[in-house]
Amino acid sequence: LGPMCGGSDCDDADATIGPASPEFCDGLDQDCDGEIDEDVAPIECGAGACATRVPGCVDAIVPSCEPLAGAPESCNSVDDDCDTVVDEMPCVPRWSIGIASSGTDRVLAVGNDAVGNAYVVGTTWGTIDFGGGPQTTSDEDGFVASYDRHGRHRWSHLVAGDDHPLDVWDAATDVAVSGDGAMIYVAADVDVVLLEAHPITGLTFGGYAAQVRAYDASGNRVWSRHIERYSEKGFGEIAVGAEGRVFVTGSFQGTLDFGPSTLEAVDEDAFLAALGPDGEPLWAMPAGGEGAEWLGSPVVSASGEVTVVGVSDTTFGCGGRSYDLMREKSVLATYAADGTTTGCVLVDALARSVALLPGG
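To convert, take the position in the sequence shown, counting from 1, and add 3; that gives the working numbering.
See below:
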């Protein structure tokens, strides 16, 4: 018998055309079902949130496929920036929560660790639930609360003058996180009524007792350090260095007894104090002069030097020299890890804070 023709094969002269042939995007009916280009698979391109697909054939032409535009990482378990890595750091958390007590609340500072956990400090008055259950203050108290990168509550504590039964006003004023996220340091202010058991040298009336509190990553308090002094201004700000040294600023009147350092104020003076990894006092440096002084948030370099911005109503002392500032200028003061002054620079402007570029 010779070759057979016809049947379900719609083109006996072309071996690529027949009922079992795959369909191509070429305007022909390869599988002999009476339809053209109907079974061409769609084209996929891009990765993660940028993935998309287009039809495999349009009017006998293979269209191009362009991935969707990427977006900044938002810590949502999606590869937003389409680099095949999910939630790599740093990513941009996108969440917000509202927390309110039955009284007045203030957020005074926020810190973050390397994996996106947030640490919030401030003051609250009344009954408040940070996410772990209601807590009630005795008066206006400070607080520290931690949330993960998705805004979920991790832990929270009220910060009150538990060493002073007659405290009436407390605040958590600043927070700093160690580079590895293992320790969280809170600067706090406690308003106390003077008792014989808690004297403040040279004063006969109540004032502020400054505290530094250290918590581990799970929110357990590791240590606390009390700094007795009086000032109408609150406790200042806090930073931590690579070796676990903690630096705090504040202001005082009268005498400030800080372990190995005893400071005498000229008027209302600012101070910079250093504590060791276990809260032990290392040294304190005054920024005295006529009038009131103020120090901005300390920043610590990789070498352990600490830098602050100082301002004053009148004069500001740095490195044995007095600078006339008159609330129009500032001093950029730098200290070595042992408290030695390593630099004083006059800034012809009223500065409030300082930051270090990467690498110090």
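Where is the CB? At the ideal position from N, CA and C, for every residue including glycine.
Computed from a prediction, not measured in an experiment: that's the story for all the values here.
Excluding sequence positions up to five away, which residues of its chain have a Cβ less than 7 Å from the Cβ of residue i?
i: Leu359; result: Val302 and Ser304
i: Cys13; result: Ile20, Asp32 and Cys35
i: Gly30; result: Ile39, Asp40 and Ala63
i: Asp82; result: Ala50, Gly51, Ala52, Val88 and Val89
i: Glu267; result: Thr258
i: Pro361; result: none
Using only CA atoms, which one of the options lies nearest to residue i?
i: Phe133; options: Tyr122, Asp151, Pro45 and Ile102; result: Ile102
i: Pro263; options: Pro284, Val269 and Phe274; result: Pro284
i: Val2; options: Gly119, Ala220, Ala72 and Thr127; result: Nothing about residue 2 can be reported from this structure: the residues present for the chain run from 4 to 363 only.
i: His407; options: Gly222, Ala217 and Asn223; result: Residue 407 falls outside the range modelled here, since the chain spans only 4 to 363, and no answer is possible.
i: Ser104; options: Ala18, Thr139 and Val348; result: Thr139
i: Leu353; options: Pro361, Ala339 and Ser333; result: Ser333
i: Gly313; options: Thr345, Ala339, Asn223 and Leu349; result: Leu349
i: Ala257; options: Ala295, Asp17, Gly222 and Leu328; result: In the sequence on display, residue 257 carries Gly and not Ala. It is Ala295.
i: Ala336; options: Val311, Val357 and Asp316; result: Val311
i: Asn115; options: Tyr150, Asp327, Thr107 and Trp226; result: Tyr150
i: Trp297; options: Val88, Ser356, Ala23 and Asn120; result: Ser356
i: Gly299; options: Ala242, Asp327 and Gly346; result: Ala242
i: Ala340; options: Ala290, Leu275, Ser315 and Asp177; result: Leu275
i: Phe27; options: Phe319, Glu267 and Cys60; result: Cys60
i: Ala112; options: Asp177, Ala23, Glu331 and His156; result: Asp177
i: Asp108; options: Asp173, His156, Gln214 and Ala179; result: Asp173
i: Phe261; options: Ala18, Ala213, Thr345 and Ser221; result: Ala213
i: Ala220; options: Asn120, Gly346, Pro22 and Gly37; result: Asn120
Sorted by chain position, which residues of the same chain lie with C-beta nearer than 6 Å to residue i's C-beta, five sequence neighbours on each side aside?
i: Gly342; result: Trp286 and Met288
i: Asn79; result: none
i: Thr87; result: Ala50
i: Pro70; result: Cys48, Gly49 and Cys53
i: Ser181; result: Val243
What is the C-beta distance between residue i and residue j, in whole angstroms, given that I count them as a contact (C-beta under 8 Å)?
i: Ala368; j: Ala191; result: As shown, the chain starts at 4 and ends at 363. That puts residue 368 outside it, with no answer to give.
i: Gly135; j: Trp158; result: 7 Å
i: Gly239; j: Thr252; result: 3 Å
i: Gly154; j: Ile100; result: 6 Å
i: Ala148; j: Val123; result: 5 Å
Beta-carbon within less than 8 Å of residue i's beta-carbon, same chain only, minus the 5 sequence neighbours each way: which residues are those?
i: Ala72; result: Cys53
i: Pro58; result: Val43, Pro45, Ile46 and Pro66
i: Arg224; result: His160, Arg216, Ala217 and Tyr218
Does the beta carbon of residue i fall short of 7 Å from some heavy atom of the ligand ATP?
i: Asp183; result: This structure simply doesn't include the ligand ATP, nor any ligand for that matter.
Enumerated in chain order, which unbroken segments of the alpha helix (DSSP H) with a length of 4 residues or greater are wholly contained in the stretch 269 to 294?
none
Unbroken beta strand (DSSP E) runs of length 3 or more, entirely within the stretch 294 to 329: which are they?
296 to 298, 309 to 315, 318 to 321 and 324 to 327
Go through the stretch 22 to 51 residue by residue and report every complete run of the beta strand (DSSP E) that reaches 3 residues or more, in order.
46 to 48
Could you tell me whether the stretch 115 to 127 touches the stretch 142 to 161, where touching means 3 or more Cβ pairs closer than 8 Å?
yes
Does the count of Cβ pairs from the stretch 304 to 313 and the stretch 241 to 256 closer than 8 Å reach three?
yes
Would the stretch 274 to 283 and the stretch 320 to 328 be scored as touching if the rule is three or more Cβ pairs under 8 Å?
no
Every unbroken alpha helix (DSSP H) within the stretch 116 to 145, with a cutoff of 4 residues, ordered by chain:
none
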